[in-house]
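Colleague:
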Ligand SMILES: Nc1ncnc2c1ncn2[C@@H]1O[C@H](COP(=O)(O)OP(=O)(O)OP(=O)(O)O)[C@@H](O)[C@H]1O
Ligand SMILES: [Mg+2]
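Rendered as structure tokens:
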């Protein structure tokens, strides 16, 4: 079966294509589980073809999907293809995939990983995105210059603020879901657990242990839970240390961070990661604003 969508050719026409992606996934036929071939399928293998893509290897796997590196034989570029684990291909997984596409498609921002194509190809539901160099999790294993740290922190907050402006809670902000591209461009990926903030939210506490805000662990994720996770990542970037439950202040490595980055950013992390969610920034838009203010006044090279 041919891909359902026309791949876009770069950032310039992304806006128009985002609409096409949204329109296509809105077509229930394209994602109707009952209409798919029955039976499960094994994970994709090297050199296997699906539609116009040739699988080159597996990049990793997460809770409910695997991500593969593939070559797009039409565009002549490499891409990342996310496909659910075979044993999990049920209506719920497809709903979550569809939700991810619908939430991400309108987020046309340099710090959000765009979806090139999404739909059923050869009987499999896949999401195709541009291929990054590595995740922030991998990058953080090596030393980083202070200006790179600040640039990554700002880009993370930019990407998240774009989602928060639409009241989208990402729910799984972590270094593995931040993908680095050429020239240290950072893009927020993986809106598979995302949901739209409603006034009374009754949601499951899914997310990734280690970055879960206390209230999210109790099943009440909010924009403030994303702020919490982002604050932890900013601290991890600056200090090399990941604060842990029960998130008691001061965090390990605080003196070094204060010396290198100034007290303003230390206070910002403290506020972003307050255990009491009401003491945090209310969303990433506010956090980003504070970050910019501090960075411009306090940080000197
Ligand atoms: N577009 C991409 N370019 C390069 N690497 C990617 C891309 N998308 C995902 N990855 C990498 O593939 C791996 C698997 O991703 P996946 O989202 O399935 O799992 P995860 O992020 O580790 O866990 P979770 O399911 O909680 O999101 C991750 O290490 C991620 O960094
Ligand atoms: Mg992920």
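Residue numbers (my numbering): 3 to 303.
In this text, a Cβ means the ideal position worked out from N, Cα and C, and glycines have one as well.
Would you call the region 153 to 173 and the region 107 to 114 in contact, with 3 or more CB pairs under 8 Å?
Modeller: yes
Colleague: Residue 249 by DSSP, collapsed to three states: which one?
Modeller: coil
Colleague: Residue 212: buried (16+ other C-beta within 10 angstroms of its C-beta) or exposed?
Modeller: exposed
Colleague: Which residues count as close to ligand 2 when the rule is a CB under 5 Å from any of its heavy atoms, in chain order?
Modeller: 64, 179 and 192
Colleague: Once DSSP output is grouped into helix, strand and coil, what is the label at residue 230?
Modeller: helix
Colleague: In terms of residue numbering, what span does the alpha helix (DSSP H) encompassing residue 256 cover?
Modeller: 256 to 263
Colleague: Residue 103 and residue 83 look like a contact to me (Cβ under 8 Å); what is the Cβ gap, rounded to whole Å?
Modeller: That pair is no contact at about 14 Å.
Colleague: Do you know offhand how far residue 33's Cα is from residue 76's?
Modeller: Note that residue 33 has pLDDT 38, beneath the 50 cutoff, so the model's placement of it is unreliable and no number is given.
Colleague: For ligand 1, any of its heavy atoms closer than 8 Å to the Cβ of residue 256?
Modeller: no
Colleague: For ligand 1, is there a heavy atom less than 8 Å away from the beta-carbon of residue 214?
Modeller: no
Colleague: Alpha carbon to alpha carbon, how far is residue 151 from residue 293? Give it in angstroms, no decimals.
Modeller: Take the alpha-carbon of residue 293 and the one of residue 151: they are about 13 Å apart.
Colleague: Per DSSP, residue 73 is paired with what?
Modeller: 56 and 80
Colleague: In whole angstroms, what separates the C-alpha of residue 273 from that of residue 289?
Modeller: 9 Å
Colleague: Residue 165: beta carbon under 8 Å from a heavy atom of ligand 1?
Modeller: no
Colleague: Run the proximity test for residue 112: is its beta-carbon closer than 8 Å to any non-hydrogen atom belonging to ligand 1?
Modeller: no
Colleague: Return the first residue and the last residue of the alpha helix (DSSP H) that residue 158 is part of.
Modeller: 148 to 167
Colleague: Count the other C-beta atoms from every protein chain shown that fall within 10 angstroms of the C-beta of residue 167, then say buried if there are 16 or more, exposed otherwise.
Modeller: exposed
Colleague: Please report the residue range of the alpha helix (DSSP H) in which residue 95 lies.
Modeller: Residue 95 -> alpha helix (DSSP H) spans 93 to 106.
Colleague: Can you tell me whether residue 25 is helix, strand or coil according to DSSP?
Modeller: At residue 25, the pLDDT of 44 sits below 50, so the modelled position is not reliable; the number obtained from the coordinates is stated separately. Residue 25 falls in the helix class under three-state DSSP.
Colleague: Rounded to whole angstroms, what's the CA-CA distance from residue 296 to residue 131? Just pull it up for me.
Modeller: 34 Å
Colleague: Residue 188 bridges to which residues according to DSSP?
Modeller: 182
Colleague: According to DSSP, is residue 203 helix, strand or coil?
Modeller: Residue confidence is low: residue 203 scores 45 on pLDDT, short of 50, so the model does not pin down where it sits. No coordinate-derived value is stated.
Colleague: Assign residue 141 to buried or exposed, taking buried as 16 or more other Cβ atoms, counted over all protein chains shown, within 10 Å of its Cβ.
Modeller: If you draw a 10 Å sphere on the C-beta of residue 141, you find 16 or more other C-beta atoms in it, and that means buried.
Colleague: DSSP on residue 354, reduced to helix/strand/coil?
Modeller: The requested residue 354 does not occur in the structure, where the chain is confined to residues 3 to 303.
Colleague: Thinking just about the alpha-carbon of each residue, which of 223, 189 and 208 is nearest to the one in residue 198?
Modeller: 223
Colleague: Rounded to the nearest angstrom, how far is the Cβ of residue 96 from that of residue 127, given a contact under 8 Å?
Modeller: 6 Å
Colleague: Name the residue from 123, 276 and 71 whose alpha carbon lies nearest to the alpha carbon of residue 53.
Modeller: Nearest in C-alpha terms to residue 53, of all of 123, 276 and 71, is 123.
Colleague: Please identify the residue among 153, 179 and 241 whose C-alpha is closest to the C-alpha of residue 187.
Modeller: 153
Colleague: Checking contacts by CB at 9 Å: is residue 233 closer than that to chain C?
Modeller: Although the question refers to chain C, the structure presented lacks it and comprises just one protein chain.
Colleague: Indicate whether residue 228 and residue 286 have their beta-carbon atoms separated by less than 9 Å.
Modeller: Judged by their CB atoms, residue 228 and residue 286 are nearer to each other than the 9 Å cut-off.
Colleague: Thinking C-alpha only, which one of 280, 248 and 241 is nearest residue 261?
Modeller: 241
Colleague: On the CB-based measure, 16 or more other CB atoms within 10 Å of its CB, does residue 235 come out buried or exposed?
Modeller: buried
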